[in-house]
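Numbering (this note's numbering), first residue to last: 275 to 448.
The structure under discussion appears below in the form of structure tokens.
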């Protein structure tokens, strides 16, 4: 680990974000996003309309109706979204770890930034789908929007909960 000089000329140890180098933290977030994305398949396929948000998101990318979106594209969008959301969480936690108290941590992940990051990203993915994606790209499934959005709320909550539990465990393995 390299050092740096403070304003008084003393050499100090470099402190990595979250006690981890940023590349390692990003890798942890990518792995967590992939694992949590796979786990989310369970609630999404067990709900009546649980996988429809992925079709709606696919419709937004292709400018097609959700009914015309292929299953492979919907699955790719679902897993891609999980990766992006986990990286967004990682960026939020990394940024907040510089300004929020880090007295309590879970295996080197500051507790307050972790909880704010998980809550914020979960709320963001819910809000983005409910207020932007569904109204704009819902197409033929727009009539079922209320039920789809309720099921998406559950999925977003499960995503956040799984990420909150998995990240501190995963960093212990790395």
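For glycine and all other residues, C-beta sits at the position ideal for the given N, C-alpha and C.
A quick note: this is a predicted structure, and the numbers were derived from the prediction, not measured.
Rounded C-beta distance between residue i and residue j? I'm assuming under 8 angstroms.
i           : j           : result
residue 388 : residue 367 : 6 angstroms
residue 404 : residue 426 : 7 angstroms
residue 302 : residue 428 : No, residue 302 and residue 428 are not in contact; Cβ-Cβ is about 26 angstroms, not under 8 angstroms.
Within this structure, are the beta carbons of residue i and residue j separated by less than 9 angstroms?
i           : j           : result
residue 390 : residue 361 : no
residue 335 : residue 347 : yes
residue 310 : residue 407 : no
residue 399 : residue 359 : yes
residue 373 : residue 292 : no
residue 307 : residue 317 : no
residue 364 : residue 300 : yes
residue 380 : residue 442 : yes
Grouping DSSP H, G and I as helix and E and B as strand, with all else coil, what is residue i?
i           : result
residue 379 : strand
residue 384 : strand
residue 332 : helix
residue 321 : coil
residue 277 : A caution first: residue 277 carries a pLDDT of 39, below 50, which makes its placement in the model too unreliable to give a value.
residue 430 : helix
residue 412 : coil
residue 338 : coil
residue 465 : The shown model of the chain, from 275 to 448, leaves out residue 465, and the question about it has no answer.
residue 440 : helix
residue 372 : coil
residue 435 : helix
Can you give me the Cβ contacts of residue i inside the same chain, cut-off strictly under 8 angstroms, excluding the 5 residues immediately before and after it?
i           : result
residue 439 : none
residue 340 : 326, 329, 330, 332, 333, 411, 412, 413, 414, 415
residue 448 : 294, 298, 301, 302
residue 421 : 322, 323
residue 375 : 384, 386
Going along the chain, which residues of its own chain have a beta-carbon closer than 7 angstroms to the beta-carbon of residue i, five neighbours each way excluded?
i           : result
residue 396 : 430, 431, 433, 434
residue 385 : 378, 379
residue 392 : 363, 434, 437, 438
Among residues of its own chain, excluding the 5 on either side of residue i, which ones have a beta-carbon nearer than 6 angstroms to its beta-carbon?
i           : result
residue 313 : 436
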